[in-house]
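Asks: These protein sequence lines are chains Z and D, in that order.
Under the working numbering, the first residue of the first sequence is numbered 1, with each subsequent residue one higher.
Under the working numbering, the first residue of the second sequence is numbered 1001, with each subsequent residue one higher.
No residue lacks a Cβ here, since even glycine has one placed at the ideal position from N, Cα and C.
Below are the structure tokens for one structure; questions will follow.
There are 2 protein chains.
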Amino acid sequence: MSPRKTTSQELTREIILQKARTTFVEKGFQQVSMRSIAKLLGCSHGAIYYHFKNKAELFYAIVEEDFSKLNYWLEETIQGSEDDSTKLYNVLIRFIEFGLNHQSQYEIMFLVRNTEVDSLSQEAANYSYQKFAQAVQSLAKKKLEIIDVWSAFIALHGFVSHYRGYVDNFEEAKLAAKSHVNFILKGLNG
Amino acid sequence: MSPRKTTSQELTREIILQKARTTFVEKGFQQVSMRSIAKLLGCSHGAIYYHFKNKAELFYAIVEEDFSKLNYWLEETIQGSEDDSTKLYNVLIRFIEFGLNHQSQYEIMFLVRNTEVDSLSQEAANYSYQKFAQAVQSLAKKKLEIIDVWSAFIALHGFVSHYRGYVDNFEEAKLAAKSHVNFILKGLNG
DNA sequence: ATTGTTATTAACCAATGGTCAATAAAAGGA
DNA sequence: TCCTTTTATTGACCATTGGTTAATAACAAT
Chain Z
1 MSPRKTTSQE
11 LTREIILQKA
21 RTTFVEKGFQ
31 QVSMRSIAKL
41 LGCSHGAIYY
51 HFKNKAELFY
61 AIVEEDFSKL
71 NYWLEETIQG
81 SEDDSTKLYN
91 VLIRFIEFGL
101 NHQSQYEIMF
111 LVRNTEVDSL
121 SQEAANYSYQ
131 KFAQAVQSLA
141 KKKLEIIDVW
151 SAFIALHGFV
161 SHYRGYVDNF
171 EEAKLAAKSH
181 VNFILKGLNG
Chain D
1001 MSPRKTTSQE
1011 LTREIILQKA
1021 RTTFVEKGFQ
1031 QVSMRSIAKL
1041 LGCSHGAIYY
1051 HFKNKAELFY
1061 AIVEEDFSKL
1071 NYWLEETIQG
1081 SEDDSTKLYN
1091 VLIRFIEFGL
1101 NHQSQYEIMF
1111 LVRNTEVDSL
1121 SQEAANYSYQ
1131 KFAQAVQSLA
1141 KKKLEIIDVW
1151 SAFIALHGFV
1161 SHYRGYVDNF
1171 EEAKLAAKSH
1181 VNFILKGLNG
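Here it is as structure tokens:
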């Protein structure tokens, strides 16, 4: 009989995002229901729909934050003080690192082909790829074919796309990642 | 008031598989419901559960057939009469070709991390990789590191995993596929 | 005919994503 | 202080989903 909580315990966008993030990261998009998030928040599922249009939009709000983190990270690597070949290596490794440490987000951005989330994520994914391509091209020893940069990206994507679910974080796949990156560098430099 | 149809139109495992296959391939695992298959078959969804334990098992029965096709195809390529480097190229291309022409099946085998289908698909996926690794190793010019074979596989997987959903079949991504395979060959031979 | 097996139905269950009228708390005047 | 408007929340409701199961009709064997 209390259709509204007192100010102190009111539901904010930020509080929802915070709780939803950890839950999505733990269990993945499909396995999390709006009702389960509501239960964790101690509110009704209807309340969440007041703050977010639907499940996809709630999720996307989370994803967006993380992707700007990735872009920033790539940018930072380019600006760094190491020599170019080290930087290039780092860009590739860090892409994998990001993918495996933000599996749920990576899934939505680069894997899910669900019409619900598609139009939103497509744009951001493209932007992130542009950042990546730009980084690789500016750091490579020789002038690269754009198609080879694309292949390098696809090969990285394959790594993340496979190891996601098998490992919990980047650390667990670090060795394999390093070796895979060296394989890709052979493709780029050869 | 007719809890059973006459013999001529009886529901068999084969008829279900046939109809379900085309539907799954068209729309993907998640987008197809047991009820929608039943509607196409002109029976109730309960009837399907008589023939298959659940949705995952029905789908897996379909996947299994297609994967034995892939294994056979790889085998056939190794046995062929071309020279080894052509054969190697073909093995890589054909893996992609299979992936893009059987997207729904590929998804379940190599992408889905859903506990419902997992234990079943894991085995078959492993077996297919063994076939692939064996083929690549026997066809390469020089003795390959197993980790490099693995990287090649992961890189191919990335290609399929990305283009699935964007293209309807292999033909539409053929050019990109050829270029990607050449990229991978540089990694293997360099 | 009787019996047992096989196939099919339809009613049922618990979840899900999503909508919406009702309503109470808060905020802002007068 | 009282009245009004805005804002946030609830919970009942809807359609759809995957899955279960008792009832029963069709068939085959005896």
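Quick one: grab the DSSP three-state call for VAL167(Z).
Replies: Here residue 167(Z) corresponds to residue number 167 of the first sequence, with the count starting at 1. In this structure, VAL167(Z) counts as strand in the three-state DSSP scheme.
Asks: Might you give, ordered along the chain, the residues of its own chain that have their beta carbon closer than 6 Å to the beta carbon of GLY28(Z), omitting 5 neighbours on each side?
Replies: Residue 28(Z) sits at position 28 when you count from the first residue of the first sequence. SER104, listed in sequence order.
Asks: Does the beta carbon of ASN1169(D) sit closer than 9 Å to a beta carbon anywhere in chain Z?
Replies: By one-based count along the second sequence, residue 1169(D) stands at place 169. Judged by the 9 Å Cβ criterion, ASN1169(D) is not in contact with chain Z.
Asks: Kindly list, in the order they appear in chain Z, the residues whose Cβ is closer than 7 Å to that of LYS1186(D).
Replies: As a position in the second sequence, residue 1186(D) is number 186, starting the count at 1. Those are LYS186, GLY187, GLY190, listed as they occur along chain Z.
Asks: Which residues in the same chain as ARG1185(D) place their Cβ atom closer than 8 Å to its Cβ, once the five residues preceding and following it in sequence are excluded?
Replies: Along the second sequence, one-based indexing puts residue 1185(D) at 185. The amino acid at residue 1185(D) is misidentified as Arg; the sequence shows Leu. So the qualifying residues of the chain are LEU1088, TYR1089, LEU1092.
Asks: Kindly list, in the order they appear in chain D, the residues whose Cβ is closer than 7 Å to that of ASP148(Z).
Replies: As a working mapping, residue 148(Z) is identified with position 148 in the first sequence. The contacting residues are PHE1183.
Asks: In the structure shown, what three-state DSSP assignment does GLY1099(D) receive?
Replies: Translated into the one-based positions of the second sequence, residue 1099(D) becomes position 99. Three-state DSSP puts GLY1099(D) in a helix.
Asks: Under a CB-based cut-off of 9 Å, is ALA155(Z) close to chain D?
Replies: If you number the first sequence from 1, residue 155(Z) lands on position 155. Closer than 9 Å: yes.
Asks: List, in order along the chain, the chain Z residues whose C-beta lies closer than 9 Å to that of SER1179(D)?
Replies: In the second sequence, the residue the question calls residue 1179(D) occupies position 179. The contacting residues are GLU145, ILE147, ASP148, TRP150, SER151.
Asks: Helix, strand or coil for LEU1175(D)? Go by DSSP, reduced to three states.
Replies: Here the question's residue 1175(D) lines up with position 175 in the second sequence. Three-state result, LEU1175(D): helix.
Asks: Against chain Z, with Cβ distances strictly below 9 Å, would PHE1098(D) count as a contact?
Replies: One-based indexing of the second sequence puts residue 1098(D) at position 98. For PHE1098(D), the answer is no, since every Cβ of chain Z falls outside 9 Å of its Cβ.
Asks: Could you say which of MET109(Z), LEU111(Z), ASN126(Z), VAL160(Z) lies nearest to ARG94(Z) if we only look at CA atoms?
Replies: Locating residue 94(Z) in the first sequence gives position 94, counting from the first residue. Nearest C-alpha to ARG94(Z): VAL160(Z).
Asks: For MET1001(D), does the three-state DSSP call read helix, strand or coil?
Replies: Taking the first residue of the second sequence as position 1, residue 1001(D) is located at position 1. Residue placement at MET1001(D) is flagged as unreliable, the pLDDT there being 42, under the threshold of 50; the coordinate-derived value follows with that caveat. Three-state result, MET1001(D): coil.
Asks: Report the neighbours of PHE1132(D) on chain Z: residues whose CB is nearer than 7 Å to its CB, in chain order.
Replies: Locating residue 1132(D) in the second sequence gives position 132, where the first residue counts as 1. Per Cβ cutoff of 7 Å: no residues; PHE1132(D) is ~13 Å from chain Z at best.
Asks: In chain order, what residues of the stretch 29 to 48 of chain Z put their CB closer than 7 Å to some CB of chain D?
Replies: Within the stretch 29 to 48 of chain Z, no residue qualifies.
Asks: Cutting at 7 Å between CB atoms, please list the residues of its own chain near LEU111(Z), excluding the five before and the five after it.
Replies: The sequence position of residue 111(Z) within the first sequence is 111, counting from 1. SER161, listed in sequence order.
Asks: For GLN122(Z), name the three-state secondary structure that DSSP assigns.
Replies: Along the first sequence, one-based indexing puts residue 122(Z) at 122. Reduced to three states, the DSSP call for GLN122(Z) is helix.
Asks: Can SER1151(D) and PHE1067(D) be called in contact, C-beta distance under 9 Å?
Replies: Taking the second sequence and counting its residues from 1, one reaches residue 1151(D) at position 151. Taking the second sequence and counting its residues from 1, one reaches residue 1067(D) at position 67. No, these two residues do not count as a Cβ contact at 9 Å.
Asks: Just how far apart, CA to CA, sit GLU107(Z) and ALA125(Z)?
Replies: Start at 1 with the first residue of the first sequence, and residue 107(Z) comes out as number 107. Start at 1 with the first residue of the first sequence, and residue 125(Z) comes out as number 125. Going from the Cα of GLU107(Z) to the Cα of ALA125(Z) covers about 11 Å.
Asks: With a cut-off of 8 Å on the beta carbons, I'd call HIS180(Z) and ILE1154(D) a contact; round off their distance for me.
Replies: Against the first sequence, residue 180(Z) aligns to sequence position 180. Against the second sequence, residue 1154(D) aligns to sequence position 154. With a Cβ gap of about 6 Å, HIS180(Z) and ILE1154(D) count as contacting.
Asks: Listing by chain order, which chain D residues have their CB less than 9 Å from the CB of PHE159(Z)?
Replies: By one-based count along the first sequence, residue 159(Z) stands at place 159. Under the 9 Å cutoff, chain D gives SER1151, ILE1154, ALA1155, HIS1157, GLY1158.
Asks: Buried or exposed: GLY1080(D), going by 16 or more other Cβ atoms within 10 Å of its Cβ?
Replies: By 1-based counting over the second sequence, the position of residue 1080(D) is 80. Classification of GLY1080(D): exposed, given that the 10 Å Cβ count is below 16.
Asks: Give the interface partners of HIS1162(D) over in chain Z, defined as CB-CB distance under 7 Å, in chain order.
Replies: Numbered from 1 along the second sequence, position 162 holds the residue referred to as residue 1162(D). Near HIS1162(D) (Cβ distances below 7 Å), the residues of chain Z are ILE154, HIS157.
Asks: Is it right to say GLU1201(D) is buried, meaning 16 or more other beta carbons lie within 10 angstroms of its own, or is it exposed?
Replies: Only positions 1001 to 1190 of chain D appear in the structure, and residue 1201(D) is not among them; the question remains open.
Asks: Cutting at 8 Å between CB atoms, please list the residues of its own chain near MET1001(D), excluding the five before and the five after it.
Replies: Within the second sequence, the letter at position 1 stands for residue 1001(D). Legend: pLDDT at MET1001(D) = 42, less than 50; position of this residue unreliable, value from coordinates given subsequently. Nothing listed; no residue qualifies.
Asks: Step through the CB atoms of chain D and report whether any lies within less than 9 Å of the CB of ALA176(Z).
Replies: Taking the first residue of the first sequence as position 1, residue 176(Z) is located at position 176. Output row for ALA176(Z): interface = yes.
Asks: Roughly how many angstroms separate the alpha carbons of GLU1075(D) and VAL167(Z), rounded to a whole number?
Replies: Reading the second sequence from its first residue, position 75 is the one you call residue 1075(D). Reading the first sequence from its first residue, position 167 is the one you call residue 167(Z). Approximately 31 Å between the Cα atoms of the pair.
Asks: If you count every other CB in all the chains shown that lies within 10 Å of the CB of SER121(Z), and 16 or more means buried, which is it?
Replies: The residue labelled residue 121(Z) in the question sits at position 121 within the first sequence. It counts as buried.
Asks: List, from N- to C-terminal side, the beta strand (DSSP E) runs of 3 residues or more that fit wholly inside the stretch 1036 to 1089 of chain D.
Replies: None, since the stretch 1036 to 1089 of chain D contains no complete beta strand (DSSP E) of that length.
Asks: Between the beta-carbon of LEU100(Z) and the beta-carbon of ALA173(Z), is there less than 9 Å?
Replies: Working through the first sequence from its first residue, we reach residue 100(Z) at position 100. Working through the first sequence from its first residue, we reach residue 173(Z) at position 173. Closer than 9 Å, so yes.
Asks: Do you know whose CA, among ALA1056(D), GLY1042(D), GLU1145(D), ALA1047(D), lies nearest VAL1032(D)'s CA?
Replies: Stepping through the second sequence from its first residue, residue 1032(D) is reached at position 32. Out of ALA1056(D), GLY1042(D), GLU1145(D), ALA1047(D), ALA1056(D) has the C-alpha closest to the C-alpha of VAL1032(D).
Asks: Please state if the CB of GLY1187(D) and the CB of GLY187(Z) are separated by a distance shorter than 9 Å.
Replies: Stepping through the first sequence from its first residue, residue 187(Z) is reached at position 187. Stepping through the second sequence from its first residue, residue 1187(D) is reached at position 187. Yes.
Asks: From GLN30(Z) to ASP1083(D), what distance separates their C-alpha atoms?
Replies: Sequence index remark: in the first sequence, residue 30(Z) carries index 30 (1-based). Sequence index remark: in the second sequence, residue 1083(D) carries index 83 (1-based). Taking the straight line joining both Cα atoms gives about 47 Å.
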